[in-house]
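2 protein chains.
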Amino acid sequence: MNARPLKVAVLGCGVVGTEVVRRLHESRSALAARVGVPVEIAGVAVRDRKRPRDIGIAQELLTDDPLELVKRDDVDLVVELLGGIEPAHSLLVASMEHGKSVVSANKTLIAEHGAQLHETAAQHGVSLLYEAAVAAAIPLLGPLRDSLGGDDVTRVVGIVNGTTNYILDRMTETGGEFDAALREAVERGYAEADPTADVEGTDAVAKTVILASLAFHTRLSPTDVYREGITGVTAQDVADARSRGCVVKLLTVLERPAGQGEVLARVHPTMVPLTHPLAQVKGADNAVVVEAAGAGELLFRGAGAGGVPTASSVVGDVVTAARRRLLGRPVGAMAPTVAGQVRPMRELRSRYHLGVRVTDAAAALDDIATVLRVNDVRVDSLHRNRSVGPNTWVLATEAVLESDLCAAVEALSAVPSVAEVPRFIRMLDPVGQEALAR
Amino acid sequence: MNARPLKVAVLGCGVVGTEVVRRLHESRSALAARVGVPVEIAGVAVRDRKRPRDIGIAQELLTDDPLELVKRDDVDLVVELLGGIEPAHSLLVASMEHGKSVVSANKTLIAEHGAQLHETAAQHGVSLLYEAAVAAAIPLLGPLRDSLGGDDVTRVVGIVNGTTNYILDRMTETGGEFDAALREAVERGYAEADPTADVEGTDAVAKTVILASLAFHTRLSPTDVYREGITGVTAQDVADARSRGCVVKLLTVLERPAGQGEVLARVHPTMVPLTHPLAQVKGADNAVVVEAAGAGELLFRGAGAGGVPTASSVVGDVVTAARRRLLGRPVGAMAPTVAGQVRPMRELRSRYHLGVRVTDAAAALDDIATVLRVNDVRVDSLHRNRSVGPNTWVLATEAVLESDLCAAVEALSAVPSVAEVPRFIRMLDPVGQEALAR
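Chains A and B are the protein sequences, given in the same order. Read the first sequence against the numbering used here and you will find it ends at 438, with the numbers running on by one and no gaps. Read the second sequence against the numbering used here and you will find it ends at 876, with the numbers running on by one and no gaps.
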C-alpha cells in the first residue's frame with residue numbers, strides 16, 4: 001500500500017472550514033486507519049493570514065494565495081468552502097486541471113455549473129464530491145447516486161433550508177409575524193445578517209437543482225424551479241394552517257411521475273398536516289422524503305446546517321475521495337444527465353387553502369361560488385373565519401390545476417364584493433397523494 | 439467508452455431474485471444510460487430449470503449450475519440471492535477468484551464471513567457490495583461507509599427486523615398474546631413458516647454485526663451480540679408499556695462512546711416512548727437512528743423487507759459496481775476493520791421496567807425495597823398494577839447497571855413473599871440519553 005500521506009488543501013476557513021481543519025487534525029489517527037494512509041493538511045487558504053485563529057495547526061500552513069496552493073504538486077485533494085461562484089469556480093477548475101480531486105460544500109456553484117464541473121472531473125480523472133451542499137450532515141446525494149441508482153425516483157419532498165424552518169417554527173410557536181421571527185433568528189445566529197437567499201427561497205432552489213440532477217438524472221437551471229419564499233407568510237396564514245391541523249413549511253418538491261419525462265420543481269410555503277413526518281421537523285433540522293418505484297417511501301432526517309455537522313459531511317467526502325485516490329481512480333462521476341424537460345407550474349394539481357376577505361360575507365358567497373365554478377375550482381370545504389372578523393371566507397379546494405386556481409384568484413380580485421386580492425397557500429396531502437396532473 | 443455490455447449473473451430466483459431480474463430487464467434502457475453501457479442478464483441460476491416462471495427472460499438463460507455460470511468469461515458481475523452460508527459462500531469466493539464483482543443481500547453470510555470476503559475482494563480487485571443485507575431499501579451501509587466515514591459514530595439504534603415489528607404492532611393493536619400475532623403474521627406473509635430466525639432475534643443479530651463493522655470499523659461475531667428475541671413478550675408487557683406511554687419494539691442497539699474502544703451490541707425487546715421516532719415505525723418498516731460526534735442524530739426510515747424494495751437496493755449496488763467496473767476499479771473496499779473489543783452486557787446502564795408478582799402486596803413491599811437497595815438498584819417509581827389484581831408491583835428504575843438489576847432479580851426470586859421470578863424489560867430514554875456507564 002502507498003505509504004505517502006495524502007495531502008489536503010482547504011480553501012476558506014470560516015465556520016465550516018474551521019471545523020473541517022479541526023476534524024482532519026484531531027481525528028488524524030482514525031482517518032489514517034480508515035483511509036489506509038495518513039491524511040494531512042497541506043495548507044489552508046484564508047483571506048487574512050494575520051488574523052489569530054485557534055484551529056490547532058501551524059501558522060505557516062495558512063496562505064492567502066489559494067491558486068498557488070491548489071497547483072502545488074504535493075496536494076492531492078482540494079476542499080472548497082468559499083461559497084459563491086467566484087473565485088470558487090476558477091479554483092475548482094484549476095484544481096481538477098492539475099489533477100486534484102475536489103470536495104465542495106458550495107450549493108450555489110454546483111447548482112449553476114455542476115454539469116460542466118462533472119465533465120471537467122471526468123476529463124482529468126479526478127473525483128468531484130459535494131454531499132454537504134444539500135442538507136449538511138444528512139447523507140442524501142450519495143444514497144440517490146448509489147443505492148437508488150437502479151430505481152426510478154418519482155418524487156422528492158423536503159425541508160432543505162434550516163433558517164426558514166426555524167423562522168416558521170417560531171411563528172407557529174409564538175403566533176407572531178415574520179419580521180419578529182426573522183429578527184430573533186438573526187439574533188440567535190440561525191439567520192445571516194443578510195437573510196435574502198434563505199427567506200426568498202434561492203438557497204432552497206440551488207439545493208433543489210442538485211437534488212434533481214441526482215434523483216432524475218436531469219440538468220435543471222435554477223430558473224427552472226418555481227420559487228416563492230416565506231417573506232409573505234403572515235401570522236394569519238400560520239393560524240389558518242393550525243385550524244386545518246397543519247403547519248406552514250417551506251418545502252422543496254420535485255416530481256416526475258413514472259414513465260414521464262417532465263419534471264415539476266418548486267419551492268414554496270406549504271401547509272403540511274401535523275401527521276406528516278415533515279411536520280415534525282423542528283428548528284434548523286432538515287428532512288427529505290424520497291419516493292421511488294421500487295424502494296417506496298424513504299425518510300432522511302438530521303442536522304441541516306451548522307459548522308460541525310457540515311464538516312462531518314465534508315470530511316466524509318474527503319475520506320471517500322482519498323480511498324478512491326489510493327485505488328487510483330475517481331469517484332462520483334455522475335450518471336450522464338440530460339437537460340431536464342420542465343413541467344410548468346401552471347400544470348401543478350394541488351389542493352389549496354384560500355382566504356377571501358369580502359365587504360359583505362353573505363352577499364359575496366354567491367359571487368365567489370360562481371367564479372370558482374366558472375374556473376373549474378372545486379371546493380372541498382368553506383367557512384367564515386370569525387376569529388378575524390365576519391368578513392373573511394376560508395376555503396379548501398379539491399385537487400385542482402394551478403392555472404385554474406390562479407385564474408379564479410384573478411377573477412375574484414375583480415369582484416366588487418371582494419375586498420382584496422385573495423391569498424392562497426398550497427396544501428400537502430396527508431397520505432402523499434398530491435401529484436402532477438396525470 | 440467501452441461499448442461492450444456488462445453481463446450480470448443472478449444466483450437464486452425467489453421473491454427478491456424475481457424482482458431483480460424483472461427490474462434489470464424492464465429498466466434496461468434507463469440503466470444503460472446511467473451506467474454508460476447496457477447491463478444484460480447473462481444467466482439466472484435456479485434450483486429447478488423446468489418450473490414455469492413469468493419473469494420476462496428467455497428460458498435458455500436459466501441454469502441449474504451456478505458454479506459454471508459464475509466462472510463464465512462473459513460474466514462481469516454476480517448477484518447472490520441464495521441466502522444462508524453454503525453454497526452461497528463458495529460461489530461468492532469462486533466469483534471473486536474469477537474476477538467478478540459481487541453483490542449480495544445475504545446478511546447471514548456477510549455477518550459470518552464479511553471480513554474474509556472483503557479480503558478476497560481486495561486481493562482480486564473486485565467490488566463487494568451488500569446494501570440490501572440490512573434494512574432492505576433503506577440506504578444505510580453506503581452512508582455509514584462514505585458520508586460518515588470521517589465522523590465518529592457513537593451509537594446506532596434501530597428496528598431492523600420487519601417481522602417482529604409487525605408482530606409487536608399487532609400485539610399492541612389487539613392486546614393479544616404473541617402466539618396469536620405470530621399466526622396472523624404467518625397467514626399474511628409477514629413471517630415465514632419457520633419464523634425462528636426472526637422471532638428469536640438471530641436475523642437482527644446478523645444485521646447488527648454488519649452495522650457494527652461499518653459504524654465502528656470493528657469486526658464482531660454474532661456471538662458478541664447480546665440477543666433476546668420476542669417470544670417471551672406477553673400481552674401484559676405490552677399493556678405495561680402502554681401505561682408508561684411506551685410501545686415494545688425489538689431494538690438493535692450498538693454503542694461505543696467517543697474515545698472508548700469497547701462496543702456494546704445488543705438486540706432485545708425495549709420499551710420505546712411514543713414520542714421517539716422509532717415508536718412511530720409501523721408494520722414491516724425499518725428505521726435506524728445513527729448518532730455521530732459531528733453529524734449529530736440522523737434518522738433513516740423506509741421499507742425493511744419485501745421483494746420489490748430489496749430488489750431496488752440490489753440493483754442500486756449493481757449500478758454502482760458496474761460504474762466502477764467501467765472505471766476499471768473496485769468499490770466498497772471496506773475500511774480496515776479490527777476485531778472489536780466487546781463490552782459485556784452486564785456493564786449496560788439502562789432504566790428498567792420491572793414487574794414483581796407477590797403473595798401479599800403490602801407485606802412484600804419492604805422485602806422488595808430491601809433487595810433493591812442492597813443491590814444498588816435505585817427506584818424511580820412504583821405502583822400496584824390493579825388491572826392484573828392486587829398482588830403485582832410495577833417498578834421503573836433509574837439508570838442502573840444490568841449486573842445489579844440481574845442480581846436483584848435473582849435475589850427477589852428467592853424472597854418468600856415474591857410469587858415468581860420477576861419480569862423486566864429495558865426502557866429507551868425519550869431524549870436518547872441511555873448510554874453506557876461512563
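The beta-carbon is built from N, C-alpha and C at its ideal position, and this holds for glycine as well.
Assignment of beta strand (DSSP E) within the region 781 to 865 of chain B, counting only whole runs of 3 or more residues, yields 787 to 795, 817 to 822, 830 to 835 and 861 to 865 in chain order.
For serine 95 of chain A, the uninterrupted alpha helix (DSSP H) segment begins and ends at 88 to 97.
Spatial neighbours of isoleucine 548 of chain B in its own chain (CB-CB distance under 6 Å, excluding positions within 5 residues in sequence) are listed in chain order as Tyr568, Ala571 and Ile648. Contact annotation: valine 318 of chain A and valine 103 of chain A have beta-carbon atoms nearer than 7 Å.
Distance between valine 46 of chain A and cysteine 13 of chain A, taken at the CA atoms: about 6 Å. Scanning B:Pro860, B:Ser585, B:Ile576 and B:Ile597 for the CA closest to the CA of aspartate 151 of chain A turns up B:Ile576. Not a single C-beta of chain A is nearer than 7 Å to the C-beta of valine 853 of chain B. At least one CB of chain A lies nearer than 7 Å to the CB of serine 750 of chain B. Taking C-beta separations shorter than 6 Å and ignoring five residues to either side along the sequence, the partners of alanine 696 of chain B in its chain run Asp590, Thr592 and Ala731, following chain order. Residues of the same chain with a CB within less than 6 Å of the CB of glycine 56 of chain A, apart from the 5 flanking positions on each side, are His25 in chain order.
By the neighbour-count criterion, in which 16 or more other beta carbons inside 10 Å mark a residue as buried, arginine 22 of chain A falls on the buried side. A residue is called buried when at least 16 other Cβ atoms come within 10 angstroms of its Cβ; glutamate 86 of chain A does not meet this threshold and is exposed. Taking one beta carbon from each stretch, the region 559 to 568 of chain B and the region 599 to 609 of chain B have fewer than 3 pairs nearer than 8 Å; the two do not touch. Nearest to glutamate 729 of chain B by C-alpha distance, out of B:Gly522, B:Thr456, B:Arg487 and B:Leu582, is B:Leu582. Taking the CA atoms as reference points, glutamate 498 of chain B sits about 58 Å from histidine 353 of chain A. Annotation: the continuous beta strand (DSSP E) that includes valine 541 of chain B extends over 539 to 542. In the displayed model, glycine 596 of chain B falls within a strand according to three-state DSSP.
Excluding its 5 nearest sequence neighbours in each direction, glutamate 615 of chain B has C-beta neighbours in its own chain below 8 Å: Met609, Thr672 and Ala673, listed in chain order.
No Cβ-Cβ contact shorter than 7 Å links alanine 361 of chain A with asparagine 385 of chain A. For a Cβ distance threshold of 7 Å, residue set Gly150 and Gly294 of chain A lies close to arginine 461 of chain B, ordered along the chain. As the crow flies, the alpha-carbon of alanine 204 of chain A is around 7 Å from that of valine 267 of chain A. Per DSSP, histidine 551 of chain B is one residue of the alpha helix (DSSP H) stretching across 545 to 562.
Between valine 315 of chain A and chain B, the shortest Cβ-Cβ separation is below 7 Å. Taken through DSSP and simplified to helix, strand or coil, isoleucine 648 of chain B comes out as helix. Comparing alpha carbon positions, the residue from B:Asp675, B:Arg816, B:Met534 and B:Ala574 closest to histidine 562 of chain B is B:Met534. Pairing threonine 661 of chain B with arginine 491 of chain B, the inter-Cα distance amounts to about 39 Å.
Excluding its 5 nearest sequence neighbours in each direction, alanine 759 of chain B has C-beta neighbours in its own chain below 7 Å: Leu515, Ser539, Val541, Ser565, Leu567 and Val769, listed in chain order. When C-alpha distances from arginine 343 of chain A are compared across A:Ala419, A:Ala295, A:Ala364 and A:Gln260, the shortest belongs to A:Gln260. Neighbours of glutamate 858 of chain B across chain A, judged by C-beta separation under 8 Å, do not exist; the nearest C-beta is about 41 Å away.
Looking at the backbone, the Cα of glutamine 280 of chain A and that of alanine 741 of chain B are separated by about 20 Å.
Here the C-alpha atom of glutamate 200 of chain A lies approximately 12 Å from the C-alpha atom of tyrosine 226 of chain A.
Contacts between histidine 217 of chain A and chain B, judged by CB atoms closer than 9 Å, involve Ala468, Ala471 and Arg472 in chain order. The beta carbon of glutamate 262 of chain A sits no closer than 7 Å to any beta carbon of chain B. When A:Ile230, A:Asp169 and A:Glu420 are compared, the shortest CA-CA separation from aspartate 198 of chain A is found for A:Ile230. At a beta-carbon threshold of 7 Å, none of the residues of chain B lie near aspartate 76 of chain A; the nearest stands roughly 15 Å away. For serine 585 of chain B, the closest Cβ of chain A is nearer than 7 Å.
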